[in-house]
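The structure appears right after this line, and notes come after that.
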Amino acid sequence: MWQTCARQLARTPALKLGARPRALPLVLRRIPLGDLLLGSGSPRRCLASYARARSQHIQVLSHFTAQGSPPLSESQRQTIYALSTPFGKGGVAVIRVSGPDALKVRGAICRPVKKAKGAEPPRPWVMERCQIVHPVDGRVLDDGLAVYFKGPKSFTTEDVLELHLHSGRAIISGVLNALSALPCCRPAEAGEFTRRAFEGGRLDLTQVEGLKDLINAETEAQRRMALEAAGGVARSQFESLRTKIIKCQVFVEGFIDFGEDVDELGQEHMLSEAKKRAQDICHEIQNHLNDNRRGEILRSGIRLAIFGPPNAGKSSLLNFLAQREAAIVTPIPGTTRDVLELTLDLGGLPVIVADTAGIRKTSDLVESVGIERAQNFVKGSDVSICLLSLEDLLVRQGGKLELKIPPNIQQLVTPTTFFLLNKSDLIGPLDQNQVKEALTSSGFQDRAWTCSLMTNTGTKAFLDGLTRSLHNVYVGQDEITSSAPLITHARHRHHLEKAVEHLQDFLRYPIEQIDIAAEELRYAAAAIGKVSGLIDVEDMLDVLFRDFCIGK
Ligand SMILES: Nc1nc2c(ncn2[C@@H]2O[C@H](COP(=O)(O)OP(=O)(O)OP(=O)(O)O)[C@@H](O)[C@H]2O)c(=O)[nH]1
Ligand SMILES: [Mg+2]
Numbered sequence: 001m002w003q004t005c006a007r008q009l010a011r012t013p014a015l016k017l018g019a020r021p022r023a024l025p026l027v028l029r030r031i032p033l034g035d036l037l038l039g040s041g042s043p044r045r046c047l048a049s050y051a052r053a054r055s056q057h058i059q060v061l062s063h064f065t066a067q068g069s070p071p072l073s074e075s076q077r078q079t080i081y082a083l084s085t086p087f088g089k090g091g092v093a094v095i096r097v098s099g100p101d102a103l104k105v106r107g108a109i110c111r112p113v114k115k116a117k118g119a120e121p122p123r124p125w126v127m128e129r130c131q132i133v134h135p136v137d138g139r140v141l142d143d144g145l146a147v148y149f150k151g152p153k154s155f156t157t158e159d160v161l162e163l164h165l166h167s168g169r170a171i172i173s174g175v176l177n178a179l180s181a182l183p184c185c186r187p188a189e190a191g192e193f194t195r196r197a198f199e200g201g202r203l204d205l206t207q208v209e210g211l212k213d214l215i216n217a218e219t220e221a222q223r224r225m226a227l228e229a230a231g232g233v234a235r236s237q238f239e240s241l242r243t244k245i246i247k248c249q250v251f252v253e254g255f256i257d258f259g260e261d262v263d264e265l266g267q268e269h270m271l272s273e274a275k276k277r278a279q280d281i282c283h284e285i286q287n288h289l290n291d292n293r294r295g296e297i298l299r300s301g302i303r304l305a306i307f308g309p310p311n312a313g314k315s316s317l318l319n320f321l322a323q324r325e326a327a328i329v330t331p332i333p334g335t336t337r338d339v340l341e342l343t344l345d346l347g348g349l350p351v352i353v354a355d356t357a358g359i360r361k362t363s364d365l366v367e368s369v370g371i372e373r374a375q376n377f378v379k380g381s382d383v384s385i386c387l388l389s390l391e392d393l394l395v396r397q398g399g400k401l402e403l404k405i406p407p408n409i410q411q412l413v414t415p416t417t418f419f420l421l422n423k424s425d426l427i428g429p430l431d432q433n434q435v436k437e438a439l440t441s442s443g444f445q446d447r448a449w450t451c452s453l454m455t456n457t458g459t460k461a462f463l464d465g466l467t468r469s470l471h472n473v474y475v476g477q478d479e480i481t482s483s484a485p486l487i488t489h490a491r492h493r494h495h496l497e498k499a500v501e502h503l504q505d506f507l508r509y510p511i512e513q514i515d516i517a518a519e520e521l522r523y524a525a526a527a528i529g530k531v532s533g534l535i536d537v538e539d540m541l542d543v544l545f546r547d548f549c550i551g552k
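By the UniProt record's numbering, the letter at position 437 of the sequence shown is numbered 437, and the numbering carries on one by one without gaps.
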């Protein structure tokens, strides 16, 4: 019997993760798991076969329950429309219509330019030239192109109609008005097309998030990362983790259901295999979590704080990076009082640079508040640049030159602090050579540069070096081929941490409590399922889709 089941299970496309539940043959859901063991042969072979069949069965069932088709809600049943491009003058405007009546909408507002040979249905996925007309009085609104995507082979998995028009305010308003005259459709809400794509199984949550990040990407690194997520890289990585936990579950469930029927050796094998697998998965997830939050930081922008003593040139550096007079620069120490933040693109990386008040002892109340803010800001930043004036820094000790960093600045230095020694124009060439030597002996040479922001000497080398260092930390050498799921949202981190907790709990339970231990494995699989949205995420969907634009 189990061979038949296994064969049937292997044949059905529903076995592939992400398969549509409609493809699941009903007969498979009626097979009692116990029947899977009725095959002949040694208990060991039986168990192995059982494990295989059970693994497939669990995957099928979990997918069925996770993606089972719920009855369509009122809003799902309705056809929606929206402008998918910016409103205004431009080359092309695209209006999207999605839902069961998309074809009806096409019939009502598209008039083929070529003489139709009888009542030919539109050819799906083919652009056809047509006149867009008002459905009530037949007025021609524009001469454009229409393409009909037959569901489920469309973005939303429903029937979709795309109208490509000349982009102009009057044309767009006219066509949107024409659509509003049709009782079978209504305007779409923000993110509703993407939500339908998610509900139709076209995208999982990591892809939806990736799509949103892609639209919002402002730098090359953000675009690349978001494109990977939208393309399903994260989806398959998280799914592979979940599958591993489910496979581990098979051994535990097998032990619970049939442990008494096998010899001690068989029992031991099942349990030790389950524990070994759980341990491996736990380590794997912990490695992913141990990524210094680089995915999240890259997505939201690297927070870089410039700090140092007053008058060193911190605001001059901010202006140099921004290539404009963003901050006030004067020769008076204590000019900058508050934190000034700017978002910049540094070599394709999103960086939020903050200029801060110079740190020194002061009795001025306003300045001391500014200094406290500066200190907190530096402590909360991802990386920092300690900016020092070479003129003030050089201390001669017995004829030898030393770099002396003031103690109140030194205490803010961390392993992610870079040093920029400014005002090199104010020291002689001899001293400059000695500074280089001093830097080399301090061990800081890889993260310290000398320059003059006044004369622009050394600024290019500093910028290249800083960008290269940030790339090494946040992008890595080989991010495209890396198999680690790049955790780009705090939500992913939270669910992965939960999965680790459940796996650790599973490993802690003694054999007598194997039933409870098995439950922990189920929780761990569910926690990973929540990342991709396979399980129980209804509460966060509204929040996620609300941030999309209308028409996406
Ligand atoms: N000679 C010389 N002067 C510089 C250089 N960089 C900046 N300065 C001058 O140093 C003075 C202070 O520069 P700021 O950029 O305001 O210094 P700051 O660190 O922001 O100072 P506070 O806001 O007071 O903490 C200004 O007069 C600048 O023109 C440089 O490389 N060489
Ligand atoms: Mg300043």
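Cβ atoms here follow ideal geometry from the backbone N, Cα and C, with glycine treated the same way.
These numbers come from a predicted model, not from an experiment.
Go to L304, then tell me how far its alpha helix (DSSP H) extends in each direction, as first and last residue.
Taking the first residue of the sequence shown as position 1, residue 304 is located at position 304. Counting along the chain, L304 falls outside any alpha helix (DSSP H), though it belongs to the beta strand (DSSP E) covering 302 to 307.
With hydrogens ignored, establish whether the beta-carbon of D355 is closer than 7 Å to any heavy atom of ligand 2.
Within the sequence shown, numbered from 1, the residue matching residue 355 stands at position 355. The answer is yes for D355.
Excluding the 5 residues flanking G168 on each side, which residues of the same chain have their C-beta closer than 7 Å to its C-beta?
Residue numbering aside, residue 168 sits at position 168 when the sequence shown is read from its first letter. Hits under 7 Å: K89.
Please name the residue, chosen from V378, G254, R106, T206, that lies closest to A412 on a Cα-to-Cα basis.
Here residue 412 refers to the residue found at position 412 when the sequence shown is read from its first residue. It is worth fixing the name first, because residue 412 is Leu in this sequence and not Ala. If we check each option's Cα against that of L412, V378 comes out closest.
Beta-carbon proximity of G83 to I172, cut-off 8 Å
The count along the sequence shown starts at 1 and reaches residue 83 at position 83. The count along the sequence shown starts at 1 and reaches residue 172 at position 172. It is Leu, not Gly, that sits at residue 83 in the sequence shown. Taking 8 Å as the Cβ cut-off, L83 and I172 qualify as a contacting pair.
Need the endpoints of the beta strand (DSSP E) that H164 sits in, please.
Numbered from its first residue, the sequence shown carries residue 164 at position 164. Per DSSP, H164 belongs to the beta strand (DSSP E) from 160 to 167.
Measure the alpha-carbon distance for D392 versus E367 and round it to whole angstroms.
Locating residue 392 in the sequence shown gives position 392, counting from the first residue. Locating residue 367 in the sequence shown gives position 367, counting from the first residue. Distance between the alpha carbons of D392 and E367: 21 Å.
Contiguous alpha helix (DSSP H) assignments of at least 4 residues, all confined to the segment 419 to 477
Complete alpha helix (DSSP H) runs here, min 4: 429 to 442, 459 to 474.
S389, enclosing beta strand (DSSP E) - first and last residue
For the purposes of this step, residue 389 is identified with residue 389 of the sequence shown, where counting begins at 1. Per DSSP, S389 belongs to the beta strand (DSSP E) from 383 to 389.
Return the residue from the list Q375, E512, P121 that minimises the CA-CA distance to R360.
Looking up residue 360 in the sequence shown gives position 360. Among Q375, E512, P121, the Cα nearest to that of R360 is on Q375.
Ranges of the alpha helix (DSSP H) found wholly within the UniProt domain "GTP-binding protein TrmE N-terminal" (79 to 202), counting only runs of at least 4:
Those alpha helix (DSSP H) runs which fall completely within the UniProt domain "GTP-binding protein TrmE N-terminal" (79 to 202) and span 4+ residues are 102 to 109, 169 to 180, 192 to 199.
Buried or exposed (CB count within 10 angstroms, at least 16 for buried), L365
If you number the sequence shown from 1, residue 365 lands on position 365. Exposed, because fewer than 16 other Cβ atoms sit within 10 Å of the Cβ of L365.
Start and end of the alpha helix (DSSP H) containing L340?
Numbered from 1 along the sequence shown, position 340 holds the residue referred to as residue 340. Where L340 is concerned, there is no enclosing alpha helix (DSSP H), although the beta strand (DSSP E) it sits in stretches over 340 to 346.
Quick check: is any heavy atom of ligand 2 less than 7 Å from the C-beta of K552?
Residue 552 sits at position 552 when you count from the first residue of the sequence shown. K552 Cβ: outside cutoff for every heavy atom of ligand 2.
Assuming L211 and R223 make a contact with CB atoms under 8 Å, what is their CB distance in whole Å?
As a first step, residue 211 must be located in the sequence shown, where it is residue number 211. As a first step, residue 223 must be located in the sequence shown, where it is residue number 223. Not quite, the Cβ-Cβ distance comes to about 12 Å (not below 8 Å), so this is no contact.
Could you tell me the boundaries of the alpha helix (DSSP H) in which I409 lies?
In the sequence shown, residue 409 corresponds to position 409, counting from 1. It spans 407 to 410 - the alpha helix (DSSP H) in which I409 sits, taken as one unbroken run.
Which one of K153, F251, A102, Y474 has the shortest CA to CA distance from A518?
On the sequence shown, position 518 is the one that residue 518 refers to. That would be F251, whose Cα lies nearest to the Cα of A518.
Whose C-beta lies closer than 6 Å to the C-beta of V329 among residues of the same chain, with five residues either side of it excluded?
Translated into the one-based positions of the sequence shown, residue 329 becomes position 329. Hits under 6 Å: S315, S316.
If contacts are defined as beta-carbon pairs under 8 Å, then A527 and K498 qualify, I think. What distance do you get, rounded to the angstrom?
As a working mapping, residue 527 is identified with position 527 in the sequence shown. As a working mapping, residue 498 is identified with position 498 in the sequence shown. Correct: roughly 4 Å between the Cβ atoms.
Where the beta strand (DSSP E) through A274 begins and ends
By one-based count along the sequence shown, residue 274 stands at place 274. Where A274 is concerned, there is no enclosing beta strand (DSSP E), although the alpha helix (DSSP H) it sits in stretches over 264 to 289.
Local conformation of V366 per DSSP, three classes
Here residue 366 corresponds to residue number 366 of the sequence shown, with the count starting at 1. Of the three classes helix, strand and coil, the one that applies to V366 here is helix, per DSSP.
Do you know whose CA, among A312, V140, I95, lies nearest S452's CA?
Here residue 452 corresponds to residue number 452 of the sequence shown, with the count starting at 1. If we check each option's Cα against that of S452, A312 comes out closest.
Please classify E218: does DSSP put it in a helix, a strand, or coil?
Counted from its first residue, the sequence shown places residue 218 at position 218. Under the three-state reduction of DSSP, E218 is assigned to coil, being neither helix nor strand.
What are the residues that DSSP puts in a beta bridge with D355?
Residue numbering aside, residue 355 sits at position 355 when the sequence shown is read from its first letter. Its beta-bridge partners are I306, L340.
Between the C-alpha atoms of H494 and R111, what's the straight-line distance to the nearest angstrom?
Within the sequence shown, residue 494 is the residue found at index 494, counting from 1. Within the sequence shown, residue 111 is the residue found at index 111, counting from 1. Take the alpha-carbon of H494 and the one of R111: they are about 53 Å apart.
May I ask which residues mark the beginning and end of the alpha helix (DSSP H) holding V413?
Looking up residue 413 in the sequence shown gives position 413. Segment: none, V413 is in no alpha helix (DSSP H) and carries neither H nor E.
Just the C-alpha distance for N433 and Y474, rounded to the nearest angstrom, thanks.
Counting from one through the sequence shown, the residue named residue 433 turns up at place 433. Counting from one through the sequence shown, the residue named residue 474 turns up at place 474. For N433 and Y474, the distance between alpha carbons rounds to 33 Å.
C-alpha gap between S389 and L420, whole angstroms
Taking the first residue of the sequence shown as position 1, residue 389 is located at position 389. Taking the first residue of the sequence shown as position 1, residue 420 is located at position 420. If you take the alpha carbons of S389 and L420, they lie about 8 Å apart.
For P510: DSSP bridge partner residues:
As a working mapping, residue 510 is identified with position 510 in the sequence shown. Its beta-bridge partners do not exist; DSSP assigns none.
In its own chain, which residues sit with a C-beta less than 7 Å from the C-beta of R96, not counting the 5 before and 5 after it?
The sequence position of residue 96 within the sequence shown is 96, counting from 1. Closer than 7 Å at the Cβ level, and outside the excluded window around R96, lie Y81, A82, S84, V160, E162, F193, G551.
Quick check: E220 and G348, are their CB atoms within less than 8 Å of each other?
Counting from 1 along the sequence shown, the entry for residue 220 is found at position 220. Counting from 1 along the sequence shown, the entry for residue 348 is found at position 348. Taking 8 Å as the Cβ cut-off, E220 and G348 qualify as a contacting pair.
Between the CA atoms of L507 and T457 - distance to the nearest angstrom:
For the purposes of this step, residue 457 is taken as residue 457 along the sequence shown, with counting starting at 1. For the purposes of this step, residue 507 is taken as residue 507 along the sequence shown, with counting starting at 1. One C-alpha to the other measures close to 60 Å.
Please state the DSSP three-state secondary structure of E497.
Working through the sequence shown from its first residue, we reach residue 497 at position 497. E497 falls in the helix class under three-state DSSP.
Just the Cα atoms here: how many angstroms apart are Q504 and Q410?
Indexing the sequence shown from 1 puts residue 504 at position 504. Indexing the sequence shown from 1 puts residue 410 at position 410. Going by the C-alpha atoms only, they are around 40 Å apart.
When the Cα of I281 is compared with those of V339, L241, S469, C185, which residue comes out closest?
For the purposes of this step, residue 281 is taken as residue 281 along the sequence shown, with counting starting at 1. Closest by alpha carbon: L241.
Pop quiz: D382 and L304 are said to be a contact at Cβ under 8 Å. What is the actual Cβ separation, rounded to whole angstroms?
Counting from 1 along the sequence shown, the entry for residue 382 is found at position 382. Counting from 1 along the sequence shown, the entry for residue 304 is found at position 304. Rounded, the Cβ-Cβ distance is 7 Å, consistent with contact.
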